[in-house]
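Peer 1: Supplied in structure tokens, the structure appears directly below.
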Amino acid sequence: MVAVTDRAPLAPVPRTALVTGGGRGIGRGIALGLARAGYAVALVGRTRAHVDEVAALVRADGGTAFASSADLVDATEVADAVARAEADLGGIGLLVNNAGVIERAETDFVTDDVEDAWRVIETNVRGPLLVTHAVLPAMLARGGGRILNLNSGSGYRRSQTYTGYGISKGALARLTTLVDTQYRDRGIRVLDLAPGHVETDMTGSMPMHEGRSDWTPLSEVVALVEAFGEGALDELSGRLVRAGTDTVESLLAAADRIVAGDARTMRLTPYGDDDPIA
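Residue numbers (my numbering): 22 to 299.
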């Protein structure tokens, strides 16, 4: 267990953010929200027209934006996009790993298309892995930085469907834990954020959401992203928060209990004090 007092203080970090998949859906909303909060934003996505459109909206509102297209599972393209974003913005203080996909069919594992499941795993794991790996060196050199991974309850809970998606989000949760463990003493903070049920093209195409009316407001996702970027949720580094149920205020009120109980993280639960693998 890591006590709050064990976390090294951050050096000043640039008020800049890189948002993957920032051209559509949740990523678009996060990018625009951060820009309104005074961040210079870099938008990276597969479709150049989408990120260009969001960048134009940021600039029209008086903000600073950089847009780049990249296949986020291609190491060379990711390294190039990150290098150009860092040069354009003068460094990246906040990384938001938002880009992700889900299987085309809502089904169990036996009837799933394994190649489609692997497409999901590769996109949702290799993408954040490559982008984080490219961004971390400069953050470490400055002595601080924040990384936010858009995760899901599917990464922490059992599910009857979307096997590839669940595997990918579970792996992303472990990446969050490992980055926190390895670099918290060097000023890195990393958080899993489950956005809840935000109405997007992706969620709208999923049979499980057919007829849903209780969508999570995108503004609640943005509020948690902004709070993390500002350092308000640094105590919860390495853990999971969820928009729609958590608020900044509720998380701050529960922070001591969350850390003391080693809650909101992926971990092995022992069967008792005498469990030999605890």
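Quick reminder that beta carbons are idealized off the backbone N, C-alpha and C, glycines included. Only a predicted model underlies this, so the values are computations on that prediction, with no experimental measurement involved.
Report buried or exposed for R178, applying the criterion of at least 16 other Cβ atoms within 10 angstroms of its Cβ.
Peer 2: Taking the sequence shown and counting its residues from 1, the one referred to as residue 178 is at position 157. That one is exposed.
Peer 1: Check whether the region 107-117 touches the region 166-174, counting contact only when three or more Cβ pairs, one atom from each stretch, lie closer than 8 Å.
Peer 2: The region 107-117 is in contact with the region 166-174.
Peer 1: Report the residue from L212, D296, E98 whose alpha carbon sits nearest the alpha carbon of A264.
Peer 2: Your numbering for residue 264 matches position 243 in the sequence shown. Nearest option by C-alpha distance: L212.
Peer 1: At what residue ranges does the region 134-192 contain a whole run of the beta strand (DSSP E), taking only runs of 3 or more?
Peer 2: List check, beta strand (DSSP E) in window: 166-171.
Peer 1: Could you tell me how far apart the beta carbons of A108 and A91 are, in whole angstroms, since I believe they sit closer than 8 Å?
Peer 2: Your numbering for residue 108 matches position 87 in the sequence shown. Your numbering for residue 91 matches position 70 in the sequence shown. Not quite, the Cβ-Cβ distance comes to about 15 Å (not below 8 Å), so this is no contact.
Peer 1: Alpha carbon to alpha carbon, how far is E127 from A56? Give it in angstroms, no decimals.
Peer 2: Along the sequence shown, read from residue 1 onward, the residue named residue 56 stands at position 35. Along the sequence shown, read from residue 1 onward, the residue named residue 127 stands at position 106. Those two C-alpha atoms are separated by around 35 Å.
Peer 1: Report buried or exposed for A24, applying the criterion of at least 16 other Cβ atoms within 10 angstroms of its Cβ.
Peer 2: Here residue 24 corresponds to residue number 3 of the sequence shown, with the count starting at 1. Here the model assigns A24 a pLDDT of 41, short of 50, so the residue's position is not dependable and the matter cannot be decided.
Peer 1: Report the residue from I298, R45, D277, A61 whose alpha carbon sits nearest the alpha carbon of G121.
Peer 2: Numbered from its first residue, the sequence shown carries residue 121 at position 100. Comparing Cα-Cα distances from G121 to each of I298, R45, D277, A61, the minimum goes to R45.
Peer 1: Using a Cβ-Cβ cut-off of 7 Å (strictly less than) and excluding sequence neighbours within five positions of R195, which residues of its own chain qualify?
Peer 2: Indexing the sequence shown from 1 puts residue 195 at position 174. If we look at R195 and ignore the five residues flanking it on each side, its Cβ neighbours are M287.
Peer 1: Quick check on DSSP: helix, strand or coil for I123?
Peer 2: For this step, residue 123 is matched to residue 102 along the sequence shown. I123 falls in the coil class under three-state DSSP.
Peer 1: Look at the alpha carbon of G252 and the alpha carbon of A88, and state the distance between them as a whole number of angstroms.
Peer 2: Start at 1 with the first residue of the sequence shown, and residue 252 comes out as number 231. Start at 1 with the first residue of the sequence shown, and residue 88 comes out as number 67. Roughly 25 Å between the two C-alpha positions.
Peer 1: In angstroms, rounded to a whole number, what distance separates the CA positions of A299 and L199?
Peer 2: Position 278 of the sequence shown, counting from 1, holds the residue named residue 299. Position 178 of the sequence shown, counting from 1, holds the residue named residue 199. For A299 and L199, the distance between alpha carbons rounds to 18 Å.
Peer 1: Helix or strand or just coil, what does DSSP make of I117?
Peer 2: The residue given as residue 117 occupies position 96 in the sequence shown. It is Val, not Ile, that sits at residue 117 in the sequence shown. Strand, per DSSP.
Peer 1: Tell me the rounded alpha-carbon separation between Q181 and T290.
Peer 2: By 1-based counting over the sequence shown, the position of residue 181 is 160. By 1-based counting over the sequence shown, the position of residue 290 is 269. So the alpha carbons of these two residues sit roughly 22 Å apart.
Peer 1: Grab the span of the beta strand (DSSP E) containing S89 for me, first residue to last.
Peer 2: As a position in the sequence shown, residue 89 is number 68, starting the count at 1. Its beta strand (DSSP E) spans residues 86-90.
Peer 1: Assign R125 to buried or exposed, taking buried as 16 or more other Cβ atoms, counted over all protein chains shown, within 10 Å of its Cβ.
Peer 2: Locating residue 125 in the sequence shown gives position 104, counting from the first residue. Burial call: exposed.
Peer 1: In three-state DSSP terms, what is V262?
Peer 2: As a first step, residue 262 must be located in the sequence shown, where it is residue number 241. V262: strand per DSSP, three-state reduction.
Peer 1: Mind checking which residues open and close the beta strand (DSSP E) that includes I209?
Peer 2: Taking the first residue of the sequence shown as position 1, residue 209 is located at position 188. Here the beta strand (DSSP E) through I209 covers 209-215.
Peer 1: Using a Cβ-Cβ cutoff of less than 7 Å, which residues in the same chain neighbour L78 once the five nearest sequence positions on both sides are dropped?
Peer 2: Here residue 78 refers to the residue found at position 57 of the sequence shown. So the list reads L53, once near-sequence residues are dropped.
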